[in-house]
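**Student:** Please read through the structure below; I'll follow up with questions.
Protein chains: 2
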Amino acid sequence: MASSSIPNVNVMMDKVKVSASNLFEQIEALGELSDTTPPSITRILYSENDVRARDYVKSLMVSAGLVVREDSLGNIYGRLTGSEDDELSPVVSGSHADAIPHSGKYDGVLGVLGAIEALRAIRDSGLRLKRPVEALMFTSEEPTRFGLSCIGSRAMCGRLDAGYLNSLRDANGTGFLEACRGGGYCKDGATTAEVLEASYVPKGGVHAFVELHIEQGPMLEDEGLDIGVVTAIAAPASVTFDFVGNGGHAGALLMPYRRDAGLVAAELALSVEQWALGTKAVDTVATTGVLQVYPGAVNSVPREAHVEVDVRDIDEERRDGVLSSIIRSAEVIARKRSVEMEHKIVNQDPPAPCDASVIDAVQESANELGLTSRRMVSRAYHDALFMAQIAPTGMIFIPCKGGVSHRPDEFSSQKDMENGVRTLALAMIKLAGVAETCDQEGKEEL
Amino acid sequence: MASSSIPNVNVMMDKVKVSASNLFEQIEALGELSDTTPPSITRILYSENDVRARDYVKSLMVSAGLVVREDSLGNIYGRLTGSEDDELSPVVSGSHADAIPHSGKYDGVLGVLGAIEALRAIRDSGLRLKRPVEALMFTSEEPTRFGLSCIGSRAMCGRLDAGYLNSLRDANGTGFLEACRGGGYCKDGATTAEVLEASYVPKGGVHAFVELHIEQGPMLEDEGLDIGVVTAIAAPASVTFDFVGNGGHAGALLMPYRRDAGLVAAELALSVEQWALGTKAVDTVATTGVLQVYPGAVNSVPREAHVEVDVRDIDEERRDGVLSSIIRSAEVIARKRSVEMEHKIVNQDPPAPCDASVIDAVQESANELGLTSRRMVSRAYHDALFMAQIAPTGMIFIPCKGGVSHRPDEFSSQKDMENGVRTLALAMIKLAGVAETCDQEGKEEL
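Chains A and B, in that order, give the protein sequences. Going by this note's numbering, the first residue of the first sequence is number 1, and it counts up by one from there. Going by this note's numbering, the first residue of the second sequence is number 1001, and it counts up by one from there.
What follows is the structure, given as structure tokens:
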């Protein structure tokens, strides 16, 4: 697949007018739909604010002139038809709008609202593309509610087992299907297997996928660059641990008699760090992001502890080695403290290389728009990781302030967002092919 | 103060019929008023279930023929008048009915319902005492909601500062006075200072205080004894720590750039254990009962951590040394990891010796009832610790299964509860003095 050549990009892109201020206002508006007070954003899968966010996204799609459809999991598509709509599969761009507790406004949201804005600008320009183009909002990229990330994109590429999904419970013990119905989806009595089947997109069903995202790292800002052209997505794995000791009264249970599950968790967290540092590779990261002790009272020895560990690397073998070492350490620590242990590998996905066709389309677009760029690896987890299994895939990064994300002070400037959305629009145009130019004037100049 | 002599205990105690099965049923009924599913008990200060528990306790007091009154904090008194009611201060017995998350049915509850049962049995026997006797339910012995234990008894003995109490917030940011109003108390617009003043009991206002409680340790069960005669209550202290690091995405924030607040908390928890073990004294205990990380997502480096540590010892100086060492360690660990730290000593109370008059009354009662017993130290924190500042105070322990408490499987047998309540009833009779014996028959036999 080669990208279509666009005779006069400058003339065409003068018509495809991306509005960074509209996008900024929409990001602010979506930020208001949060369980915590903005700029701290908390938007959990199928919660009231998630449902309101979905309504807002659909309203923006409609305003942009896109045809909206949803699958039974709540993956939301907004489609702009192409001149060869019946014959050709779509070029798709999207991301997610759920947000982990106390995070920021841009992670994911930029890629959803940015794709809608790109398609709106293309449509309003009068430009007619050969292929259909779609803006997509994925369901639950973040693992907050069910401990599993990228539920929507896993389902789309057929990498989600119904039995496994049924086995998941949220913190209140609610199962996935019940939660899904609570969000207004799969209300027709379908089984989990049927819901997954209905969300599945066969290989070839998407011509190309490209995701716009904030970098979530400091590289672009540090080097003063506009655009990151992503060449691969690092391989993530996560594992949960549950420990059960004896517990008891903090005054009455003397030290020699304690089997403190909280201290097992504490030792494990320090061990996780040591194993990550132990590879001496800058690309190895391991994090104890969840550490909970029960009953969680100052005067009670922790009887139980729940720990969730995330390990990533661009080298799959090295990552799997760290993961195994962490699990072995947990076993040793739990045995030493006579605490019971269970663990579960939640996900251990392979890394995804991006496709040359999409990398090239993004790189050419950035170049033609006069933007500075560099090739880079995505160290964070994205729906693109799974889309890569069914379609040629790429990503576009823009700088974010201080490289921070998953925090309330997460920030990207309007200028950077505009650069990203323009690059996305042009890359989608290249990937979808041009049927008719913007208007008579543009056509003459081409 | 010497205990009154009782000419014929056997005859009198044949009339003072304690019903262990009633008590057991009442404990089960109170256990149903829980935010978690029994036998896991969670009953938080001024919550809906706490208020329902209060109503239940008051109904039992009324059924037992006691005159009920409440102070503005919700300390609940049930009074049986004495023959010299106007001249003599009361003998009081009581405990608490709040329960830390996921704890059991007996801690505290035995001392409240046991005192009511003791007074009911005395009243129904026809025995008339010289002094009034009171069953008392204290407000918030457990520190769950505001991080401070024994709020009711601290207020009663004048050891609670209004400014400090006003500074406390629960997990939702609610202040004490607002929470108190939510529970149905202090609705008259009173200030915190006025509320505390109205709960205050001056020295001499209570003739003697005795608290019945499960041991919360294994000693009585291990030695096959019926009753623990408490001679002193160990000195507790607690400190909270808040850490703030940088946080960020678990994939994107590389190891060298992390200032992980969760790992500071983990190191601190292990240091707390080391300092406790370091005294080589069996009586030193230190516990990290609360360890929370934020945002608490598997794919997010912990930006903040909150830790609560409890330190106890029967030697106040040694305990204070361990507390200081823990705070110094926290400072060193936080500095090493470039994480900000704040700490606050929540309480640091002196130990309380029990009064010889109450110890003797309890010891004599156990002996006269033919029960086996031993003298012992209470390592747990009780309202008796504060009552000791305004009245001669003692405690009665009964065995609990496996020595466990603050757990759903906390358990004491009906026989052990009966032994405890009979010992309590007789000790209260001795401390209050007998005006008239149970009935003509009893009187003749005396």
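For glycine and all other residues, C-beta sits at the position ideal for the given N, C-alpha and C. Small disclaimer: the values here were computed from a predicted structure and weren't measured.
Would you say the stretch 1272 to 1281 of chain B touches the stretch 1223 to 1230 of chain B, given that touching needs at least three Cβ pairs under 8 Å?
**Tutor:** No: the two stretches stay apart, fewer than three of their Cβ pairs being nearer than 8 Å.
**Student:** Cα-Cα, which of A:392, A:408, A:66, A:262 is closest to residue 333 (chain A)?
**Tutor:** As a first step, residue 333 (chain A) must be located in the first sequence, where it is residue number 333. Comparing Cα positions, the closest option is A:262.
**Student:** How big is the Cα-Cα spacing for residue 1120 (chain B) and residue 1030 (chain B)?
**Tutor:** In the second sequence, residue 1120 (chain B) corresponds to position 120, counting from 1. In the second sequence, residue 1030 (chain B) corresponds to position 30, counting from 1. Taking the straight line from one Cα to the other gives about 18 Å.
**Student:** At which residues does the beta strand (DSSP E) containing residue 211 (chain A) begin and terminate?
**Tutor:** If you number the first sequence from 1, residue 211 (chain A) lands on position 211. 208 to 214 is the extent of the beta strand (DSSP E) around residue 211 (chain A).
**Student:** For residue 1044 (chain B), which three-state DSSP category applies?
**Tutor:** Taking the second sequence and counting its residues from 1, the one referred to as residue 1044 (chain B) is at position 44. Coil.
**Student:** Of all Cβ atoms in chain A, is any one closer than 8 Å to the Cβ of residue 1213 (chain B)?
**Tutor:** Counting from one through the second sequence, the residue named residue 1213 (chain B) turns up at place 213. No, because no Cβ of chain A sits closer than 8 Å to the Cβ of residue 1213 (chain B).
**Student:** Assign residue 1344 (chain B) to one of three DSSP states: helix, strand, or coil.
**Tutor:** Within the second sequence, numbered from 1, the residue matching residue 1344 (chain B) stands at position 344. Residue 1344 (chain B) falls in the strand class under three-state DSSP.
**Student:** Shortest alpha-carbon distance to residue 235 (chain A) belongs to which of B:1325, B:1176, B:1299?
**Tutor:** As a position in the first sequence, residue 235 (chain A) is number 235, starting the count at 1. Here the closest residue by C-alpha is B:1299.
**Student:** Relative to the alpha-carbon of residue 1052 (chain B), which residue among B:1073, B:1091, B:1079, B:1097 has its alpha-carbon at the smallest distance?
**Tutor:** Against the second sequence, residue 1052 (chain B) aligns to sequence position 52. If we check each option's Cα against that of residue 1052 (chain B), B:1097 comes out closest.
**Student:** Taking 8 Å as the threshold (beta carbon to beta carbon), is residue 1200 (chain B) in contact with chain A?
**Tutor:** In the second sequence, counting from the first residue as 1, residue 1200 (chain B) sits at position 200. Answer no: the Cβ-Cβ gap between residue 1200 (chain B) and chain A never drops below 8 Å.
**Student:** Is it a yes or a no for the stretch 81 to 94 of chain A touching the stretch 362 to 382 of chain A, going by three-plus beta-carbon pairs under 8 Å?
**Tutor:** No contact exists between the stretch 81 to 94 of chain A and the stretch 362 to 382 of chain A.
**Student:** Check whether chain A comes within 8 Å of residue 1046 (chain B), counting only Cβ atoms and requiring the distance to be less than that.
**Tutor:** Position 46 of the second sequence, counted from the start, is the residue given in the question as residue 1046 (chain B). Cβ-Cβ to chain A under 8 Å: no for residue 1046 (chain B).
**Student:** Would you say residue 1409 (chain B) and residue 1398 (chain B) are within 8 Å of each other, going by their C-beta atoms?
**Tutor:** Here residue 1409 (chain B) corresponds to residue number 409 of the second sequence, with the count starting at 1. Here residue 1398 (chain B) corresponds to residue number 398 of the second sequence, with the count starting at 1. No, the Cβ-Cβ distance between residue 1409 (chain B) and residue 1398 (chain B) is not below 8 Å.
**Student:** Assuming residue 202 (chain A) and residue 134 (chain A) make a contact with CB atoms under 8 Å, what is their CB distance in whole Å?
**Tutor:** To locate residue 202 (chain A), count along the first sequence from 1; it is residue 202. To locate residue 134 (chain A), count along the first sequence from 1; it is residue 134. Going by Cβ atoms, the distance from residue 202 (chain A) to residue 134 (chain A) rounds to 16 Å, so no, they are not a contact pair.
**Student:** What did DSSP end up calling residue 1389 (chain B) once you bin it into helix, strand or coil?
**Tutor:** On the second sequence, position 389 is the one that residue 1389 (chain B) refers to. It is coil, neither helix nor strand.
**Student:** May I ask you to report which of helix, strand or coil DSSP gives residue 1019 (chain B)?
**Tutor:** As a working mapping, residue 1019 (chain B) is identified with position 19 in the second sequence. Coil at residue 1019 (chain B), not helix or strand.
**Student:** Looking at chain B, which residues of the stretch 269 to 301 of chain A have a Cβ within less than 7 Å of any of its Cβ atoms?
**Tutor:** Cβ contacts with chain B come from 269, 270, 273, 276, 277, 282, 285, 287, 288, 289, 290, 291, 293, 294, 295, 296, 297, 298, 299, 300, 301.
**Student:** Measure the Cβ-Cβ separation of residue 1102 (chain B) and residue 1040 (chain B) and say whether it is below 8 Å.
**Tutor:** Within the second sequence, numbered from 1, the residue matching residue 1102 (chain B) stands at position 102. Within the second sequence, numbered from 1, the residue matching residue 1040 (chain B) stands at position 40. Yes.
**Student:** For the stretch 234 to 283 of chain A, list the beta strand (DSSP E) runs that are entirely contained and at least 3 residues long, ordered along the chain.
**Tutor:** Those beta strand (DSSP E) runs which fall completely within the stretch 234 to 283 of chain A and span 3+ residues are 235 to 244.
**Student:** If you run the structure through DSSP and keep just helix, strand and coil, what is residue 1066 (chain B)?
**Tutor:** In the second sequence, residue 1066 (chain B) corresponds to position 66, counting from 1. Of the three classes helix, strand and coil, the one that applies to residue 1066 (chain B) here is coil, per DSSP.
**Student:** Could you work out which residue in A:20, A:72, A:115 is closest to residue 66 (chain A) when comparing CA atoms only?
**Tutor:** Position 66 of the first sequence holds residue 66 (chain A). Answer by Cα proximity: A:115.
**Student:** Starting from the beta carbon of residue 379 (chain A), find every residue of chain B whose beta carbon is closer than 7 Å, and list them in chain order.
**Tutor:** Here residue 379 (chain A) refers to the residue found at position 379 when the first sequence is read from its first residue. Chain B residues near residue 379 (chain A): 1251, 1252.
**Student:** Please confirm if the stretch 187 to 201 of chain A is in contact with the stretch 414 to 431 of chain A, defined as three or more CB-CB distances below 8 Å between the two stretches.
**Tutor:** No: the two stretches stay apart, fewer than three of their Cβ pairs being nearer than 8 Å.
**Student:** Taking beta-carbon pairs under 7 Å, can you tell me which members of the stretch 38 to 66 of chain A lie near chain B?
**Tutor:** If the cut-off is 7 Å between Cβ atoms, the stretch 38 to 66 of chain A has nothing near chain B.
**Student:** Looking at C-alpha atoms only, which residue of B:1237, B:1306, B:1345 is the closest neighbour of residue 1314 (chain B)?
**Tutor:** By one-based count along the second sequence, residue 1314 (chain B) stands at place 314. Here the closest residue by C-alpha is B:1237.
**Student:** I'd like the list of long-range same chain contacts for residue 1092 (chain B), defined as Cβ closer than 7 Å, with 5 residues on each side in sequence excluded.
**Tutor:** Taking the second sequence and counting its residues from 1, the one referred to as residue 1092 (chain B) is at position 92. Once the five neighbours on either side are set aside, the close Cβ partners of residue 1092 (chain B) are 1134, 1136, 1206, 1209.
**Student:** Between residue 302 (chain A) and residue 357 (chain A), which are expected to be in contact by the criterion C-beta below 8 Å, what is the C-beta distance as a whole number of angstroms?
**Tutor:** On the first sequence, position 302 is the one that residue 302 (chain A) refers to. On the first sequence, position 357 is the one that residue 357 (chain A) refers to. The pair is not a contact, with the Cβ atoms about 53 Å apart (cut-off 8 Å).
**Student:** Going by C-alpha to C-alpha distance, which of A:405, A:291, A:248, A:285 sits closest to residue 264 (chain A)?
**Tutor:** Sequence index remark: in the first sequence, residue 264 (chain A) carries index 264 (1-based). For the residues A:405, A:291, A:248, A:285, the minimum Cα distance to residue 264 (chain A) belongs to A:291.
**Student:** Could you spell out the range, first to last residue, of the alpha helix (DSSP H) harbouring residue 1423 (chain B)?
**Tutor:** Within the second sequence, numbered from 1, the residue matching residue 1423 (chain B) stands at position 423. That run of the alpha helix (DSSP H) goes 1414 to 1432.
**Student:** Please list, in chain order, the chain B residues whose beta carbon lies closer than 9 Å to that of residue 152 (chain A).
**Tutor:** Counting from 1 along the first sequence, the entry for residue 152 (chain A) is found at position 152. Near residue 152 (chain A) there are no residues of chain B at all, since even the closest Cβ is about 16 Å away, more than 9 Å.
**Student:** What residues of chain A sit near residue 1255 (chain B), judged by a beta carbon separation below 7 Å?
**Tutor:** Here residue 1255 (chain B) is taken as the residue at index 255 of the second sequence, counted from 1. Simply 276, 277, 285.
**Student:** Assess contact between the stretch 165 to 172 of chain A and the stretch 136 to 150 of chain A, defined as three or more Cβ pairs (one per stretch) separated by less than 8 Å. Is contact present?
**Tutor:** As far as the Cβ criterion goes, the stretch 165 to 172 of chain A touches the stretch 136 to 150 of chain A, which means the pair count is three or higher.
**Student:** Only counting runs of 3 or more residues, tell me where the beta strand (DSSP E) segments fall wholly within the stretch 48 to 102 of chain A, in order along the chain.
**Tutor:** Entirely contained in the stretch 48 to 102 of chain A, the beta strand (DSSP E) runs reaching 3 residues are, in chain order, 67 to 70, 76 to 80, 91 to 96.
**Student:** Considering residue 1036 (chain B), what are the terminal residues of the alpha helix (DSSP H) in which it resides?
**Tutor:** The count along the second sequence starts at 1 and reaches residue 1036 (chain B) at position 36. Residue 1036 (chain B) -> no alpha helix (DSSP H), and no H or E assigned at all.
**Student:** How far does the beta strand (DSSP E) with residue 1120 (chain B) in it extend, from its first residue to its last?
**Tutor:** Along the second sequence, read from residue 1 onward, the residue named residue 1120 (chain B) stands at position 120. Run containing residue 1120 (chain B): none in the beta strand (DSSP E); it sits in the alpha helix (DSSP H), 1109 to 1125.
**Student:** Only counting the same chain, and skipping five residues up and downstream in sequence, which positions put a Cβ closer than 6 Å to that of residue 1178 (chain B)?
**Tutor:** Start at 1 with the first residue of the second sequence, and residue 1178 (chain B) comes out as number 178. Contacts found: none.
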